[in-house]
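Novice: Per the numbering used here, numbering through the sequence shown is continuous, rising by one, with the last residue being 215. Dropping a structure here in structure tokens format, bear with me for questions.
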Amino acid sequence: MSAAVLLFATATGLSGCGQSKALSKEAFAAALDPVVRDVFCHPIDVMRYEVEGEPGGSGFPIVTSPRAPMAGPGSDGKAVAMLDGLASVGLVTRTTFEKPARWSGSTNPFVRQPLISYAPTPKGAPYLHAVERKATNAMVSVPSLCLAKGEVVDVVRWTEPTDFAGHRVSQVTYTYRGVDPIPVMPPGEQAQMAEQKEATTAFELQSDGWRPMPR
């Protein structure tokens with residue numbers, strides 16, 4: 001390789017590296033897309049059951065018991081009522097069956113019992129899916145109901161980068177809105193979802209550019 005070609009390749013590589021780490025509206029907007037996309041999603045809090053001989057999972061379908069939860073009609077009961085409501089409008093398929101099962105994560109023996117399975121229909125799939133959320137020590141997939149898809153409208157401003165706890169950090173302020181709302185949402189709530197909202201999140205400089213810090 002000639003010296004001229006080598007010099008050109010080196011300069012091009014350095015230029016690309018510099019651009020990926022530059023502070024820019026376009027770079028922040030692209031990195032914000034996966035963060036904002038699920039901002040209107042809410043975890044479905046249901047006591048999950050695992051069925052003997054079948055692979056478990058933290059997403060869909062959700063398998064639970066038709067019996068009232070031991071803790072009473074709290075968030076678990078409300079979530080089941082919500083899923084039943086979504087089944088009535090064709091967004092979820094509700095299936096009842098009996099098989100040996102136990103609470104998810106339990107070491108108790110499997111016991112044959114009545115169960116309910118909830119799975120999104122093609123119509124409901126855009127609004128019911130697993131969302132990555134930060135747990136104590138890791139990111140976990142949580143079945144969620146998404147009332148709309150979050151969309152970045154604009155990156156408003158960002159702060160000059162500072163060093164914090166070993167990270168190069170910038171605070172980025174942006175606007176977003178909800179688009180493609182769930183069809184069962186009343187028109188007034190759809191209009192509220194579509195209104196622009198402002199938020200600020202911390203970005204850190206990584207080897208491949210600026211990325212939102214885990215919350």
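C-beta atoms are modelled at their ideal positions from N, C-alpha and C, and glycine is treated no differently. Given the structure is predicted, the values throughout are model-derived calculations rather than measurements.
Is the stretch 145 to 153 in contact with the stretch 172 to 185, if contact means three or more CB pairs nearer than 8 Å?
Specialist: Short answer: they touch.
Novice: Where does G188 sit, in a helix, a strand or coil, going by DSSP?
Specialist: For the purposes of this step, residue 188 is taken as the residue at position 188 of the sequence shown. Reduced to three states, the DSSP call for G188 is helix.
Novice: To the nearest angstrom, how far is the alpha carbon of G53 from that of F110?
Specialist: Counting from one through the sequence shown, the residue named residue 53 turns up at place 53. Counting from one through the sequence shown, the residue named residue 110 turns up at place 110. Answer to the nearest angstrom: the Cα atoms are 10 Å apart.
Novice: Let me know if P120 comes out buried or exposed under the rule of 16 or more other beta-carbons within 10 Å of its beta-carbon.
Specialist: Counting from one through the sequence shown, the residue named residue 120 turns up at place 120. Per the 10 Å Cβ criterion, buried.
Novice: Which whole-angstrom value describes the C-beta separation of V172 and T201, a residue pair presumed to lie in contact below a C-beta threshold of 8 Å?
Specialist: What you label residue 172 is simply residue 172 of the sequence shown in a count that begins at 1. What you label residue 201 is simply residue 201 of the sequence shown in a count that begins at 1. Indeed, because the Cβ distance is near 6 Å, the residues count as touching under 8 Å.
Novice: For the alpha helix (DSSP H) holding L115, just list the boundary residues, first then last.
Specialist: Your numbering for residue 115 matches position 115 in the sequence shown. It is not in any alpha helix (DSSP H) - L115 instead sits in the beta strand (DSSP E) that spans 111 to 120.
Novice: Rounded to whole angstroms, what is the Cα-Cα separation between L86 and E50?
Specialist: In the sequence shown, counting from the first residue as 1, residue 86 sits at position 86. In the sequence shown, counting from the first residue as 1, residue 50 sits at position 50. Distance between the alpha carbons of L86 and E50: 22 Å.
Novice: Going by beta carbon distance, what residues of the same chain come within less than 6 Å of E198, once the five residues before and after it are set aside?
Specialist: On the sequence shown, residue 198 is found 198 positions in, with the first residue counted as 1. The answer, listed in chain order, is T175.
Novice: So, for E160: in the same chain, excluding its five sequence neighbours on each side, which residues have a beta-carbon less than 8 Å away from its beta-carbon?
Specialist: The residue given as residue 160 occupies position 160 in the sequence shown. These residues qualify, in order along the chain: S170.
Novice: Measure the alpha-carbon distance for P114 versus K99 and round it to whole angstroms.
Specialist: Position 114 of the sequence shown, counted from the first residue, corresponds to residue 114. Position 99 of the sequence shown, counted from the first residue, corresponds to residue 99. Cα-Cα distance, rounded: 7 Å.
Novice: Relative to the alpha-carbon of E26, which residue among A101, A191, V156, P186 has its alpha-carbon at the smallest distance?
Specialist: The residue you call residue 26 lines up with position 26 of the sequence shown. Looking at the Cα atoms, V156 is the closest of the given residues.
Novice: Considering only C-alpha positions, which residue in the set V140, E189, G188 is nearest to G57?
Specialist: Within the sequence shown, residue 57 is the residue found at index 57, counting from 1. With distances taken between Cα atoms, G57 lies closest to V140.
Novice: Run the CB neighbour count on M213, radius 10 Å, all protein chains shown included, and call it buried at 16 or more, exposed below.
Specialist: Counting from one through the sequence shown, the residue named residue 213 turns up at place 213. The residue in question, M213, is exposed, as its Cβ has fewer than 16 Cβ neighbours within 10 Å.
Novice: Does the beta-carbon distance from S104 to H42 come in below 7 Å?
Specialist: Taking the sequence shown and counting its residues from 1, one reaches residue 104 at position 104. Taking the sequence shown and counting its residues from 1, one reaches residue 42 at position 42. The answer is no: Cβ separation not under 7 Å.
Novice: Please check the pair F164 and F28, which I expect to be a contact at CB under 8 Å, by giving their CB distance rounded to whole angstroms.
Specialist: One-based indexing of the sequence shown puts residue 164 at position 164. One-based indexing of the sequence shown puts residue 28 at position 28. That belief does not hold up - the Cβ atoms of F164 and F28 are roughly 18 Å apart, past 8 Å.
Novice: Is the beta carbon of Y118 less than 7 Å from the beta carbon of L83?
Specialist: Residue mapping note: residue 118 aligns to position 118 of the sequence shown, counting from 1. Residue mapping note: residue 83 aligns to position 83 of the sequence shown, counting from 1. Yes, the Cβ-Cβ distance between Y118 and L83 is below 7 Å.
Novice: Is F28 helix, strand or coil when you go by DSSP?
Specialist: Residue mapping note: residue 28 aligns to position 28 of the sequence shown, counting from 1. Three-state result, F28: helix.
Novice: Starting from the C-beta of V89, find all residues in its chain whose C-beta is less than 6 Å away, skip the five residues before and the five after it, and write them out in chain order.
Specialist: The count along the sequence shown starts at 1 and reaches residue 89 at position 89. Answer for V89: V184, listed in chain order.
Novice: Assign S279 to one of two classes, buried (16 or more other C-beta atoms within 10 Å of its C-beta) or exposed (fewer than that).
Specialist: Residue 279 cannot be examined here, being either before or after the span of the chain that is shown, 1 to 215.
Novice: Tell me whether G188 is buried or exposed, calling it buried when 16 or more other Cβ atoms sit within 10 Å of its Cβ.
Specialist: Locating residue 188 in the sequence shown gives position 188, counting from the first residue. Label assigned to G188: exposed.
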